[in-house]
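Numbering (the working numbering), first residue to last: 4 to 528.
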């Protein structure tokens with residue numbers, strides 16, 4: 004693993020205290036490495052939580068999780084949308100390295116719709132694959148979104164159990180021009196959304212969050228006495244079309260989106276209760292976060308990014324700053340707050356550190372092992388955060404300063420049809436509707452002073468003249484060690500859609516596969 008001089012010093016400092024750290028979780032009398040649960044929400048914004056100031060205060064379980072644990076004020080995703088963000092979390096590597104990007108059109112977001120040909124590269128090593136060496140059993144409950152063809156599915160990439168879907172719950176489709184999305188248990192389809200797993204779009208009602216919660220609780224009950232486990236709970240009710248079960252339908256002051264949040268919050272409570280009831284709470288680290296910022300394009304069916312600029316699809320703070328809450332009774336100080344800057348790729352490295360697993364040494368990792376900042380919240384490591392939109396580096400943050408090399412909000416063609424990633428906001432020369440290159444005179448913000456990115460530091464300010472060269476050197480060092488991975492999100496083909504997923508024969512739900520017609524995918528934003 005290569006790192007810059009600064010990053011290398013950070014890694015050495017953290018690894019030097021690893022033996023001491025590994026003693027802390029085992030004070031409960033077990034020699035077993037800690038269980039890990041990552042609760043990865045879908046399009047849930049930083050401002051959707053009561054603990055972050057949402058005025059309706061409809062997330063009592065998450066809020067209590069924060070009071071009982073540690074809140075990270077700066078948790079970043081690696082991309083402003085779902086698929087590349089999730090790929091980065093599970094590989095510890097930026098999408099530009101792990102291949103989860105496109106270069107069909109420079110600087111455009113790409114993901115894994117059901118016509119995508121690619122998926123997470125076989126050359127990448129995922130977190131559950133590495134945890135196997137320490138005896139972990141790994142489960143995924145919910146959305147995968149890292150490729151739906153057989154070689155890319157979760158059980159082929161280190162997970163031992165899966166209940167959920169390879170894609171978002173979009174639809175309904177006609178099963179003629181487009182197939183409905185399948186739901187899997189382990190390696191086989193067990194039905195399809197809108198057919199066997201109902202979603203009533205008109206009323207925004209579905210039982211899927213309840214099912215995902217029940218599956219997570221069952222997984223914990225099964226595995227608590229069997230050795231260490233890793234659970235990725237990836238419920239997706241806050242991704243449009245939003246939904247909640249009849250028990251939560253029309254109960255929120257925030258409408259349908261709030262109903263979905265309330266039921267997910269109840270799921271958080273049920274999962275934490277299951278951990279306590281199993282008697283493994285003192286040996287289980289639970290993390291709550293989201294795959295990107297809230298989708299403001301969804302309007303009243305989307306969430307809130309609090310004070311941050313814009314939302315999903317953008318590399319402004321609202322697109323890539325996510326909730327970050329850690330819970331570990333008896334280990335983490337209750338009610339603690341850390342201003343350490345995290346990325347979700349750090350979860351990869353930190354979980355390996357806590358599990359006592361050596362990270363891969365044959366590749367560049369972007370995640371840092373930050374267990375020390377969990378146990379000592381006042382300690383901070385200076386580190387950069389890189390904001391990519393597709394294959395283009397848009398911005399970098401280090402410390403309190405964020406420098407935009409490029410800006411891009413919503414393309415004019417999308418604005419014309421009512422799509423807007425920055426509704427109600429127009430910051431001159433910042434929320435630009437076309438990709439705008441500022442490399443010669445970067446735009447600089449002190450985002451601790453101005454988290455909304457509305458008032459950039461003036462070009463003639465001494466602060467600007469001091470900080471921009473520092474950040475430019477950070478970018479130069481990053482690019483000097485960057486070897487882009489082979490892009491996995493370039494090609495689309497209607498023949499690879501969910502016509503005949505594994506297990507469809509037993510259900511009698513195989514559909515006719517159309518002729519193959521591979522074309523370059525079109526990514527409008």
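For each residue, glycine too, the CB sits at the ideal point set by N, CA and C.
Within the same chain, show all residues whose beta-carbon is closer than 8 Å to that of residue i, passing over the 5 residues directly before and after it, in chain order.
{"i": "residue 416", "result": "527"}
{"i": "residue 37", "result": "28, 231, 286, 287, 288, 331, 357, 358"}
{"i": "residue 539", "result": "Only positions 4 to 528 of the chain appear in this structure, which leaves residue 539 out of reach."}
{"i": "residue 153", "result": "159, 505"}
{"i": "residue 268", "result": "61, 62, 63, 64, 65"}
{"i": "residue 260", "result": "241, 245, 301, 303, 304, 305, 306"}
{"i": "residue 222", "result": "142, 144, 164, 232, 234"}
Hey, how far is the Cα of residue i from the Cα of residue j?
{"i": "residue 46", "j": "residue 76", "result": "18 Å"}
{"i": "residue 29", "j": "residue 143", "result": "In this prediction, residue 29 scores a pLDDT of 41, lower than 50, which makes its location untrustworthy; no coordinate-derived value is stated."}
{"i": "residue 378", "j": "residue 35", "result": "19 Å"}
{"i": "residue 450", "j": "residue 191", "result": "47 Å"}
{"i": "residue 52", "j": "residue 60", "result": "7 Å"}
{"i": "residue 253", "j": "residue 220", "result": "26 Å"}
{"i": "residue 371", "j": "residue 439", "result": "31 Å"}
{"i": "residue 333", "j": "residue 476", "result": "41 Å"}
{"i": "residue 316", "j": "residue 323", "result": "9 Å"}
{"i": "residue 158", "j": "residue 355", "result": "20 Å"}
{"i": "residue 499", "j": "residue 67", "result": "44 Å"}
{"i": "residue 202", "j": "residue 209", "result": "5 Å"}
{"i": "residue 284", "j": "residue 40", "result": "11 Å"}
{"i": "residue 410", "j": "residue 513", "result": "45 Å"}
{"i": "residue 138", "j": "residue 441", "result": "49 Å"}
{"i": "residue 467", "j": "residue 396", "result": "20 Å"}
{"i": "residue 187", "j": "residue 472", "result": "50 Å"}
{"i": "residue 141", "j": "residue 235", "result": "8 Å"}
{"i": "residue 343", "j": "residue 148", "result": "29 Å"}
{"i": "residue 290", "j": "residue 243", "result": "23 Å"}
{"i": "residue 456", "j": "residue 238", "result": "31 Å"}
{"i": "residue 408", "j": "residue 292", "result": "27 Å"}
{"i": "residue 529", "j": "residue 73", "result": "The structure shown does not extend to residue 529, since the chain is modelled only from 4 through 528, so no value can be given for it."}
{"i": "residue 402", "j": "residue 328", "result": "20 Å"}
{"i": "residue 462", "j": "residue 432", "result": "13 Å"}
{"i": "residue 263", "j": "residue 54", "result": "17 Å"}
{"i": "residue 156", "j": "residue 524", "result": "21 Å"}
{"i": "residue 281", "j": "residue 134", "result": "21 Å"}
{"i": "residue 93", "j": "residue 189", "result": "19 Å"}
{"i": "residue 364", "j": "residue 132", "result": "15 Å"}
Between the options, which lies nearest to residue i when the distance is taken from Cα to Cα?
{"i": "residue 170", "options": "385, 244, 116", "result": "116"}
{"i": "residue 446", "options": "477, 404, 240, 381", "result": "404"}
{"i": "residue 83", "options": "343, 441, 294", "result": "294"}
{"i": "residue 304", "options": "204, 101, 272", "result": "204"}
{"i": "residue 216", "options": "63, 487, 240", "result": "240"}
{"i": "residue 336", "options": "256, 364, 375", "result": "375"}
{"i": "residue 496", "options": "511, 507, 516, 213", "result": "516"}
{"i": "residue 195", "options": "474, 501, 229, 74", "result": "501"}
{"i": "residue 406", "options": "429, 420, 443", "result": "443"}
{"i": "residue 522", "options": "365, 509, 268, 492", "result": "492"}
{"i": "residue 306", "options": "425, 136, 387", "result": "425"}
{"i": "residue 180", "options": "127, 118, 419, 126", "result": "118"}
{"i": "residue 206", "options": "88, 280, 247", "result": "247"}
{"i": "residue 86", "options": "123, 58, 100", "result": "123"}
{"i": "residue 340", "options": "318, 360, 364, 381", "result": "381"}
{"i": "residue 145", "options": "93, 42, 167, 126", "result": "167"}
{"i": "residue 398", "options": "178, 481, 125", "result": "481"}
{"i": "residue 43", "options": "222, 271, 112", "result": "271"}
Apart from the five residues just before and just after residue i, which ones in its own chain have a Cβ nearer than 7 Å to its Cβ?
{"i": "residue 422", "result": "300, 413"}
{"i": "residue 368", "result": "4, 95, 96, 352, 362"}
{"i": "residue 108", "result": "526"}
{"i": "residue 197", "result": "174, 175, 183"}
{"i": "residue 490", "result": "102, 104, 105, 106"}
{"i": "residue 57", "result": "50, 51, 307"}
Once you ignore the five residues that flank residue i on each side, which residues in its own chain have a CB closer than 6 Å to its CB?
{"i": "residue 321", "result": "296, 308, 311, 312, 313, 314"}
{"i": "residue 110", "result": "392, 393, 395, 438"}
{"i": "residue 164", "result": "142"}
{"i": "residue 120", "result": "494, 496, 499"}
{"i": "residue 274", "result": "219"}
Taking residue i and residue j to be in contact with their CB atoms under 8 Å, please state how far apart those CB atoms are, rounded to whole angstroms.
{"i": "residue 224", "j": "residue 277", "result": "7 Å"}
{"i": "residue 326", "j": "residue 78", "result": "7 Å"}
{"i": "residue 366", "j": "residue 387", "result": "Incorrect: roughly 19 Å between the Cβ atoms, too far for contact."}
{"i": "residue 348", "j": "residue 91", "result": "5 Å"}
Contiguous alpha helix (DSSP H) assignments of at least 4 residues, all confined to the stretch 416–500: Runs found: 465–483.
Beta strand (DSSP E) runs wholly inside the stretch 304–361, at least 3 long, in chain order: For the stretch 304–361, whole beta strand (DSSP E) runs of length 3 or above, ordered along the chain, are 328–330, 339–346.
Within the stretch 253–298, ranges of the beta strand (DSSP E) (whole runs, at least 3 residues): For the stretch 253–298, whole beta strand (DSSP E) runs of length 3 or above, ordered along the chain, are 287–293.
Length at least 4, wholly inside the stretch 83–130: the alpha helix (DSSP H) runs in chain order: Every alpha helix (DSSP H) stretch that sits fully inside the stretch 83–130 and reaches 4 residues is listed by chain position as 85–94, 98–101.
Every unbroken beta strand (DSSP E) within the stretch 199–260, with a cutoff of 3 residues, ordered by chain: 232–237, all fully within the stretch 199–260.
Complete beta strand (DSSP E) runs within the stretch 137–180 (minimum length 3 residues, chain order): The stretch 137–180 contains these whole beta strand (DSSP E) runs: 140–146, 164–168.
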